[in-house]
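Quick notes on the structure that follows.
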Amino acid sequence: MHKRVAVTGVGVVTPLGTGGPAFSAALFGGATGIAPIDRFDAGRFSSRLAAQIRGFTPRDFISPATLRRMDLLSQMATASAVMALADAGLQMKAAERDRVGVIVGTCFGGTDVAAQFGRALFTEGPRRANPILVPNTVMNAPAGHAAVELGLRGVNATVNHREASAEAALGYAAETIARGRADAVLAGGGDVLSEFCFEVLSHFKAMSPQDGEAEAVRPFDARRNGPVIGEGFGLVCLEDLERARSRGARIYAEIRGWGMSSAPAPHNDWPADPEGPVLAIGRALAAAGIDAGAIDAVCASANGGRRLDALEADALIRVFPPGRQRPLITSLKGALGESFASGGMRAAAMALALKEGCLPPTVGLETPMADLNFVREPLNTSLGHVLVNGFASGGTFATVVLSRPDADEDQPARPTGQRRMR
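To convert, count from 1 in the sequence shown and add 11; that's the working numbering.
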């Protein structure tokens with residue numbers, strides 16, 4: 012990277028709230044967005060919990076003329092984009108919009124609208140299928156709608172690396188700015204909870220409860236029995252750091268580097284060997300120009316799944332071996348559920364953590380499965396460098412390094428104990 016890349020704005024639509032202040036208050040307070048599903052009848056499934064968005068009013072962010080043409084995922088993406096730009100305080104003249112873009116990641120895209128269109132097409136015939144739904148069935152609908160609503164004419168792309176989609180989008184966006192190809196990029200991602208997706212995952216027994224015990228999400232817990240599904244969207248505004256400073260922008264964090272890797276794995280499972288994740292983390296650290304000992308915290312990808320959590324724990328032990336100061340480790344999926352392209356929300360959370368000096372807990376963790384420094388209560392602590400991991404089924408791994416811009420100059424020691432935030 013040639014230019015340094017700053018995070019100057021945050022926009023989120025999450026099960027914990029909409030907008031940075033509501034999101035951070037709930038997240039850092041140890042709340043969870045997981046509750047019984049009420050969007051559709053889940054009575055026929057063994058899994059009946061989810062992390063749904065609630066209290067989201069799209070018309071607060073989107074013009075009525077375009078709102079009716081958007082599916083829910085695109086509404087969440089566009090609202091997140093509007094909030095991220097406003098939070099960044101980025102005022103653009105007409106010509107400047109040519110160099111502001113959108114790069115988002117999504118795992119499944121708008122499965123709700125795709126299922127609705129397909130149901131009408133195959134049960135009632137082509138003439139009864141609503142043509143207004145067609146543009147929303149493509150993966151690039153959220154990025155496209157957001158750019159059109161905001162009048163952005165810069166780079167526009169959608170990344171699909173399953174559960175690592177948003178982390179990869181953040182990396183690609185950071186490189187775009189670092190190489191001088193854009194002045195600002197809104198980056199992140201998300202997915203939507205749909206009955207169709209829920210039914211498919213239920214059929215494959217991919218959700219809690221997988222063993223007859225109580226349905227719950229327990230990241231890194233010895234009693235974990237599968238993930239609970241969620242939804243949401245998160246975007247951060249990325250800018251050239253020097254440009255952001257020159258206009259007096261508030262800077263949450265810096266994207267210091269990122270890394271990606273793959274490893275042989277079953278199509279819907281994870282590899283048994285942690286070499287792939289270790290490579291991704293190592294490449295991210297190398298790109299950031301720091302060693303593993305400089306990392307203060309890790310926002311893990313663990314979701315309460317037996318194989319994923321074991322893989323990530325093994326990888327973290329390999330990267331941060333015993334006998335040295337180890338980072339604090341938290342998973343946000345006990346609060347947000349497994350919302351697949353969740354890296355946008357989780358990157359926003361860690362940018363807020365760096366700015367505010369606090370870490371959210373791993374909700375649901377009671378009996379740690381490994382000897383690692385897990386955060387189990389909200390924690391006040393100064394942070395310099397953090398990792399955001401995105402591990403995708405099928406064997407794709409992406410890690411992003413977020414840092415305080417002055418982290419190399421001042422890295423106060425972390426506290427040895429944990430205390431609840433006031």
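C-beta: ideal position from N, C-alpha, C; glycine also.
Note that the coordinates shown come from a computational prediction; the quantities given were computed from them, not determined experimentally.
{"Item": "Taking buried to mean at least 16 other C-beta atoms within 10 Å of its own C-beta, is A424 buried or exposed?", "Value": "Because the pLDDT of A424 is 45, which lies under 50, any placement of that residue in the model is unreliable, and the number read from its coordinates should be weighed accordingly. Per the 10 Å Cβ criterion, exposed."}
{"Item": "Is the region 305-324 touching the region 340-348, taking contact as three or more C-beta pairs under 8 Å?", "Value": "yes"}
{"Item": "Would you kindly report the start and end of the unbroken alpha helix (DSSP H) that includes G401?", "Value": "No alpha helix (DSSP H) holds G401; the beta strand (DSSP E) holding it covers 396-403."}
{"Item": "Quick check on DSSP: helix, strand or coil for E367?", "Value": "helix"}
{"Item": "Around the C-beta of T134, are 16 or more other C-beta atoms found within 10 angstroms, so that it is buried, or is it exposed?", "Value": "exposed"}
{"Item": "Do A283 and F34 count as a contact pair if the criterion is CB distance below 9 Å?", "Value": "no"}
{"Item": "Return the CA-CA distance between F215 and A125, expressed in angstroms with no decimal places.", "Value": "20 Å"}
{"Item": "Report buried or exposed for R433, applying the criterion of at least 16 other Cβ atoms within 10 angstroms of its Cβ.", "Value": "Any answer about R433 is weak, because its pLDDT of 21 lies below 50 and its placement is not dependable; what the coordinates show is given next. Under this definition R433 is an exposed residue."}
{"Item": "Can you tell which of S205, F244, A46 has its C-alpha closest to the C-alpha of S85?", "Value": "F244"}
{"Item": "Would you be able to state if there are at least three C-beta pairs under 8 Å between the region 177-197 and the region 230-237?", "Value": "no"}
{"Item": "Alpha carbon to alpha carbon, how far is P338 from C248?", "Value": "26 Å"}
{"Item": "I think A88 touches A157, with their Cβ atoms under 8 Å apart; what is that distance to the nearest whole Å?", "Value": "5 Å"}
{"Item": "Please state whether the Cβ-Cβ distance between G401 and E242 is less than 9 Å.", "Value": "no"}
{"Item": "Would you kindly report the start and end of the unbroken beta strand (DSSP E) that includes I45?", "Value": "45-47"}
{"Item": "Across which residues does DSSP place G316 in a beta bridge pair?", "Value": "Answer is none; G316 lacks a bridge partner."}
{"Item": "On a CA-only basis, which of L394, W269, G112 is nearest D417? Give me that one, please.", "Value": "L394"}
{"Item": "Curious, which full-length alpha helix (DSSP H) runs of at least 4 residues does the region 212-300 contain?", "Value": "252-257, 286-299"}
{"Item": "Closer than 7 Å by C-beta to P47: which residues in its own chain qualify, once you throw out the five before and the five after it? Chain order, please.", "Value": "R59, L60"}
{"Item": "In terms of residue numbering, what span does the beta strand (DSSP E) encompassing F119 cover?", "Value": "Element bounds for F119: n/a, residue is neither H nor E."}
{"Item": "For E265, count neighbouring C-beta atoms within 10 Å of its own C-beta (all shown protein chains included) and say buried if the count is 16 or more, exposed if not.", "Value": "buried"}
{"Item": "With DSSP collapsed to three states, give me the class of P389.", "Value": "coil"}
{"Item": "Count the other CB atoms within 10 Å of the CB of G428; is the residue buried (16 or more) or exposed (fewer)?", "Value": "Residue placement at G428 is flagged as unreliable, the pLDDT there being 38, under the threshold of 50; the coordinate-derived value follows with that caveat. G428 should be labelled exposed."}
{"Item": "Does DSSP put V93 in a helix, a strand or coil?", "Value": "helix"}
{"Item": "Do A154 and W269 have their beta-carbon atoms positioned less than 9 Å apart in this structure?", "Value": "no"}
{"Item": "Can at least three beta-carbon pairs, one atom from the region 92-105 and one from the region 137-147, be found at a separation below 8 Å?", "Value": "no"}
{"Item": "For F67, name the three-state secondary structure that DSSP assigns.", "Value": "coil"}
{"Item": "Between L398 and T410, what straight-line distance do the alpha-carbon atoms span, to the nearest angstrom?", "Value": "7 Å"}
{"Item": "Please determine if the region 326-334 and the region 204-222 are in contact, where contact requires at least 3 C-beta pairs separated by less than 8 Å.", "Value": "no"}
{"Item": "How long is the line joining the alpha carbons of K14 and D194, rounded to whole angstroms?", "Value": "11 Å"}
{"Item": "Taking one C-beta from the region 160-179 and one from the region 353-368 each time, how about it: are there three or more such pairs within less than 8 Å?", "Value": "yes"}
{"Item": "Would you give the residue range spanned by the beta strand (DSSP E) that A37 belongs to?", "Value": "Not the beta strand (DSSP E): A37 falls in the alpha helix (DSSP H), residues 31-39."}
{"Item": "Within the continuous beta strand (DSSP E) that includes I340, where are the two ends?", "Value": "339-342"}
{"Item": "Can you tell which of A92, F56, D202 has the C-alpha that lies nearest to the C-alpha of A352?", "Value": "D202"}
{"Item": "Let's test the definition: count the other Cβ atoms within 10 Å of the Cβ of E250 and tell me whether it reaches 16, buried, or not, exposed.", "Value": "buried"}
{"Item": "With respect to the alpha helix (DSSP H) encompassing L78, which residues constitute its N-terminal and C-terminal limits?", "Value": "75-78"}
{"Item": "For R267, count the other beta carbons within 10 Å of its own beta carbon; 16 or more makes it buried, fewer makes it exposed. Which is it?", "Value": "buried"}
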